[in-house]
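Engineer: Per numbering that gives the first Met the number 0, the sequence shown starts with residue 0, numbered consecutively. Cβ coordinates follow ideal geometry from the N, Cα and C atoms, glycine included.
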Amino acid sequence: MESAIQTIVGVFLKSAKGKESLGGNDFQKLVKSQLHNIMMDTDSSEAVKKMRQGLDSNQDGKVNFEEYMDLVGYLATSLSVQFYYWSCPDITITHQHQTDIHHTTLIHTTVHHP
0 MESAIQTIVG VFLKSAKGKE SLGGNDFQKL VKSQLHNIMM DTDSSEAVKK
50 MRQGLDSNQD GKVNFEEYMD LVGYLATSLS VQFYYWSCPD ITITHQHQTD
100 IHHTTLIHTT VHHP
């Protein structure tokens, strides 16, 4: 777990290039390079811009570390739920759908309990 935390912090610091927040281009690059396997629309500048705006709780046009951690927490929770459903042998996957959170599309799984 320590290495995961170090990686999360390191990715932010490297992407912020010594600044306290990620500007639009830095956030776009971070999302595209680090999150393309678990998020859809990471190549869309407009989708990532909308996500950045949704995360920007203090409305300064940037994503600070706390706002970045909101995204990390949401993604971790979403993955945990998906892994849980995929690993339960008594649950049948009926279909998948896409959800828009912070203006970014994530894939969610609908399940059927016997």
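(1) Might you give, ordered along the chain, the residues of its own chain that have their beta carbon closer than 7 Å to the beta carbon of E116, omitting 5 neighbours on each side?
(2) Specify whether the stretch 28-38 and the stretch 9-18 touch according to this definition: at least 3 beta carbon pairs, one from each stretch, less than 8 Å apart.
(3) Taking the straight line between their C-alpha atoms, what separation do you get for G9 and K49?
(4) If you measure between the beta carbons of V62 and L74, is that distance less than 9 Å?
(5) Alpha carbon to alpha carbon, how far is N36 from G17?
(6) If you reduce the DSSP assignment to three classes, tell me which class L21 lands in.
(7) Taking only the alpha-carbon atoms, compute the straight-line gap between E45 and N24 and give it to the nearest angstrom.
Structural biologist: On the basis of the coordinates in this document:
(1) Here the chain comprises residues numbered 0 to 113, so residue 116 is not present and cannot be evaluated.
(2) In short, these stretches touch, since the Cβ pair count reaches three.
(3) The sequence position of residue 9 within the sequence shown is 10, counting from 1. The sequence position of residue 49 within the sequence shown is 50, counting from 1. When rounded, the distance between both Cα atoms is 24 Å.
(4) Position 63 of the sequence shown, counting from 1, holds the residue named residue 62. Position 75 of the sequence shown, counting from 1, holds the residue named residue 74. Not in contact: V62 and L74 (Cβ atoms no closer than 9 Å).
(5) In the sequence shown, residue 36 corresponds to position 37, counting from 1. In the sequence shown, residue 17 corresponds to position 18, counting from 1. Whole-angstrom Cα-Cα distance: 26 Å.
(6) Looking up residue 21 in the sequence shown gives position 22. Strand.
(7) Reading the sequence shown from its first residue, position 46 is the one you call residue 45. Reading the sequence shown from its first residue, position 25 is the one you call residue 24. Approximately 12 Å between the Cα atoms of the pair.
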